[in-house]
Amino acid sequence: MNQRGFTLIELILVLAIAALLMMLAAPAFSTFMARQQLSGDVNQIQSVLTFARSEAIKQRQPITVKFSPPNELDATRRPEACKDAPWCYWAESAQDGGEASVMRAGQTANITQPKGKFSIVFESLGDADISDCDDGDGQCEITLAPTDSEDGIDPETIRIRETGSLRKVPL
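My numbering puts the first residue of the sequence shown at 4, with every later residue one more than the last.
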């Protein structure tokens, strides 16, 4: 009689090999996910900054991008989209009545520098007022790093110059 199938020992051996491969792949996958999250946060901040600059040029009026860390005193002024977010940032333009209109908002937990709240104002010609976060060398650097520093993932920095140019700089 010709029987087909697998023995119990063969099935257990295949499951043990699969479990071993998964145990080896899990740390690499978590590092990959943390790296992707950091990259996504950097790209989203850069997108909001680029949007604010282009809107300032298009509308011929200043557009402000505000960054608010967690537990900041002005947290009540945050947009509804990020009331409970760790770090929140949003682009806003001043309206005729003086009240600001939020154009785009985002949130992240990965900003490590600057430590406190700051803002960047893009003027109508595309240049930036970075005096709120300038570290003395004519540029503002926003550094993002993973919240779990044990992953071995390098931080990334977005550099904004007074000319309004943006550049992503890996550290």
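The beta carbon of each residue, even a glycine, is placed where N, CA and C say it ideally should be.
Next on the checklist: Please list the terminal residues of the continuous alpha helix (DSSP H) segment that includes Pro173.
Outcome noted: Careful: Pro173 lies outside any alpha helix (DSSP H), inside the beta strand (DSSP E) at Leu169 to Pro173.
Checklist entry - In terms of alpha-carbon separation, which member of Thr53, Thr166 and Ile66 lies closest to Glu95? => result Ile66
Checklist entry - Which residues in the same chain have their Cβ closer than 6 angstroms to the Cβ of Arg170, if we skip the five residues on either side of it in sequence? => result Arg162
Next on the checklist: By DSSP's criteria, Gly109 is part of a beta bridge. Which residues make up the other side?
Outcome noted: Paired residue(s): Tyr92.
Next on the checklist: Just to check my reading of the structure: Val45 and Val68 have Cβ atoms closer than 8 angstroms, yes? What is that Cβ distance to the nearest angstrom?
Outcome noted: Between Val68 and Val45 the Cβ distance is about 15 angstroms, and since that is not below 8 angstroms, they are no contact.
Item to check | Environment of Gln110 [buried if 16+ CB atoms lie within 10 Å] | outcome: buried
Next on the checklist: Please state whether the Cβ-Cβ distance between Leu18 and Ile156 is less than 8 angstroms.
Outcome noted: no
Checklist entry - Thinking just about the alpha-carbon of each residue, which of Arg107, Pro117 and Tyr92 is nearest to the one in Gly139? => result Closest option to Gly139, Cα to Cα, is Pro117.
Checklist entry - Taking the alpha helix (DSSP H) that Thr53 falls in, what are its first and last residues? => result DSSP places Thr53 in the uninterrupted alpha helix (DSSP H) bounded by Leu11 to Gln62.
Checklist entry - Given that a residue counts as buried once 16 or more other Cβ atoms are within 10 Å of its Cβ, and exposed if not, what is Asn74? => result exposed
Checklist entry - By Cβ distance, which residues of its chain are closer than 7 angstroms to Gln126, with the 5 residues on each side in sequence left out? => result Looking at the sequence itself, residue 126 is Glu, so the reference to Gln does not match. Cβ neighbours of Glu126 beyond the five flanking positions: Ala59, Pro65 and Asp132.
Item to check | Own chain partners of Ala112 with C-beta closer than 6 angstroms, once the 5 adjacent residues on each side are dropped | outcome: Hits under 6 angstroms: Pro89 and Thr150.
Checklist entry - For the beta strand (DSSP E) that Glu126 lies in, which residues bound it at each end? => result Taken as a continuous stretch (DSSP letters only), Glu126 belongs to no beta strand (DSSP E), as it is neither H nor E.
Checklist entry - Measuring CA to CA, which of Ile145, Met106, Ala148 and Ser122 is closest to Phe54? => result Met106
Next on the checklist: Distance check for Pro82 and Ala103, CA to CA, integer angstroms please.
Outcome noted: 11 angstroms
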